[in-house]
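One rule links them: number in our numbering = place in the sequence shown (from 1) + 492.
The beta-carbon is built from N, C-alpha and C at its ideal position, and this holds for glycine as well.
Keep in mind that this is a model prediction, so the values were computed, not measured.
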Amino acid sequence: MVGSVNSDAVFAVAALPRPGETVVASAPSTHPGGKGANQAVAAARAGALVEFVGAVGDDGAGSRLRRHLQDNGVGTAGLSTVVGPSGSAVITVDPTGENTVVVAPGANAHLRLDPVQRALIAGCDVLLMQLEIPVPVALEAASVARGAGARVILNVSPPAVDSAELAELLGRTDVAVVNESEAAHFDHQVPHLVVTLGPRGARYRGVDGTRSVRAPVVRAVDSTGAGDVFAGVLAAEWAGGIDHALPRATVAGSLATLVAGAGNCAPRLAAINAALATVTPER
């Protein structure tokens, strides 16, 4: 895993604020987060052996974020500490579980791969990344991983990346994961494309044909981390093939919406397996 790690300030609101509007929040809370960390924890809870490559600041948040990863079975030998603040995010969540997110990259923007981190990447079977880290770092990591024979999975989020850089990165990617809105503008060719559809499930298009999986019906509390959990479990289960990985990732993403906060919402493997009977695969 090469990715971001943040401290999330979460505010529950009656309705998401419109431009220029001030709303009053209830139940403010702070959680570990960052797309990379969320996905790493999800993969580890699904049973994968996960090493995390990223950066935190030399502040209290950095120490807490490192401990969070370790407490969830994620290796942190590749988690560097840089001078300055750790990454942070402000998240608002409405009663339906919909959310808005504003991210301050902090230490994530200063990630540079050192020899230890490159060795960890070279030793992996599957490399999962997102776009909350510098694109040159992602390009280097993808090259190292593919050179060692690993599969590269890229969660193309957030999508605000230079188009030429993104095209180059996708040229080194085996599996691209996007949400439905991102898919509408995705015109790149990759061997495997996975599209998350929120409460409707997920679909796949690629060298293995097409697949769709309907998500189980749940009463969502917070959808903030659902996409991250989906990506983490997809990576953890990818070796079993798309017919194995896609239903499990879909179930895990749905279960993640039952818990407030992105950093601790990933279900355990037993819960994923128990819920598998409720999903509907389609070709």
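Cβ neighbours of residue i in the same chain (closer than 7 Å, five flanking residues each side left out)
i	result
glutamine 609	Val545, Gly570
valine 644	Leu619, Ala634, Ala637, Arg638, Arg664, Thr665, Asp666
threonine 568	Phe544, Arg558, Leu561, Gln562
glutamate 632	Leu605
threonine 770	Pro708
glycine 589	Ala712, Val713, Asp714, Ser715, Thr749
serine 704	Gly693, Arg695, Glu774
Beta-carbon separation (whole angstroms), residue i vs residue j, contact threshold 8 Å
i	j	result
threonine 716	alanine 754	4 Å
alanine 792	valine 566	Summary: the structure shown does not reach residue 792, with the chain confined to residues 493 through 775, and so no result is reported for it.
valine 497	glycine 579	6 Å
leucine 623	proline 651	7 Å
alanine 748	alanine 707	So it is not a contact: roughly 11 Å between Cβ atoms.
valine 751	alanine 767	Contact doesn't hold; Cβ gap of about 14 Å is too wide.
alanine 599	glycine 549	4 Å
proline 626	alanine 601	6 Å
Candidates the options, of which the one nearest residue i by Cα
i	options	result
alanine 640	Val629, Val648, Ile613	Ile613
alanine 535	Arg510, Pro773, Asn564, Leu508	Asn564
valine 542	Ser746, Arg510, Ala529, Asp654	Ala529
asparagine 765	Thr514, Ala538, Ala506	Ala538
methionine 493	Arg703, Phe503, Val533	Val533
valine 575	Ala553, Leu761, Thr584, Asn591	Ala553
isoleucine 734	Arg760, Gly698, Leu661	Gly698
serine 572	Asp720, Val593, Gly745, Leu603	Leu603
proline 520	Asp700, Arg510, Val505	Val505
proline 628	Cys616, Ser649, Pro607, Leu661	Leu661
alanine 517	Phe503, Pro509, Thr702, Ser649	Phe503
serine 499	Ser655, Thr702, Asp551, Pro626	Asp551
valine 725	Pro524, Glu513, Ala540, Thr592	Ala540
serine 649	Ala728, Asp720, Gly512	Asp720
histidine 677	Val593, Ala741, Ser655	Ser655
threonine 592	Glu657, Pro511, Arg760	Pro511
proline 597	Ala547, Pro759, Asn756, Gly615	Ala547
One or two residues paired with residue i in a DSSP bridge
i	result
alanine 501	Thr522, Val582
isoleucine 645	Leu620, Val667
proline 773	Val705
alanine 596	Ser580
valine 494	Val545, Met621
asparagine 591	Val585
Contact set for residue i: own chain, Cβ-Cβ below 6 Å, skip 5 residues either direction
i	result
glycine 501	Here residue 501 is alanine; the residue named in the question, glycine, does not match the sequence. Thr522, Val582.
alanine 675	Val687
alanine 723	Gln531, Asn647, Val669
histidine 680	Leu662
serine 746	Ala707, Pro708, Val710
Contacts around residue i, its chain only, beta-carbon distance under 8 Å, and the 5 residues preceding and following it disregarded
i	result
tryptophan 730	Val618, Arg643, Ile645, Val667, Ala737
glutamate 672	Val687, Thr688, Leu689, Gly690
alanine 507	Val515, Asp586
proline 739	Val705, Leu768, Val771, Pro773
methionine 621	Met493, Val494, Gly495, Gly528, Ala630, Ala633, Ala634, Val644, Ile645, Leu646, Asn647
alanine 659	His680
Note down, one range per segment and in chain order, each alpha helix (DSSP H) of at least 4 residues found wholly within the region 509-589.
-> 527-537, 552-563
Enumerated in chain order, which unbroken segments of the beta strand (DSSP E) with a length of 3 residues or greater are wholly contained in the region 659-699?
-> 667-671, 684-688, 694-698
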